[in-house]
Amino acid sequence: MSGKLKIKIIIAGRTYPLSVNNTKEEEAMRKAATAINKLISMYEQNYAVSDKQDVLAMSALQFASKLELLSLTKTDIKEEEMQKLNALTKLVSSHLE
Numbered sequence: 032m033s034g035k036l037k038i039k040i041i042i043a044g045r046t047y048p049l050s051v052n053n054t055k056e057e058e059a060m061r062k063a064a065t066a067i068n069k070l071i072s073m074y075e076q077n078y079a080v081s082d083k084q085d086v087l088a089m090s091a092l093q094f095a096s097k098l099e100l101l102s103l104t105k106t107d108i109k110e111e112e113m114q115k116l117n118a119l120t121k122l123v124s125s126h127l128e
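Under the numbering used here, the first residue of the sequence shown is numbered 32, with each subsequent residue one higher.
(1) Should S156 go down as buried or exposed, given a rule of 16 or more other Cβ atoms within 10 Å for buried?
(2) Taking contact to mean 3 or more Cβ pairs, one atom from each stretch, closer than 8 Å, check whether the region 90-104 and the region 67-79 are in contact.
(3) Taking all protein chains shown into account, do 16 or more other C-beta atoms lie within 10 angstroms of the C-beta of V123, making it buried, or fewer, making it exposed?
(4) Using the C-alpha atoms, what's the distance from E56 back to T120?
(5) Based on the DSSP output, what are the partners of S50 in its beta bridges?
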């Protein structure tokens, strides 16, 4: 049976019905929802925010910036790895000549 799983996720007190492909995807969705709800609670406790939309926007910005930073870090690592591979290739080539 390869049908989609139907789940319900609660974010900021609202329920969202979703379809996921497998239990691993379900687990990821539930963990993400938990992280979002924790961040919402933190913003509500630490800042004078009365509108859920503002809190959701702040949460989205924080998650997006973390994702972008991770992406940039991965790019830097890939470039460094390529430089090392190129240097190693030149070294091996010089010894083979």
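By construction, the Cβ of each residue, glycine as well, lies at the ideal position given by its N, Cα and C atoms.
Based on what the coordinates show:
(1) Because the chain in this structure spans residues 32 to 128, residue 156 falls outside the shown range and cannot be described.
(2) yes
(3) exposed
(4) 40 Å
(5) K37
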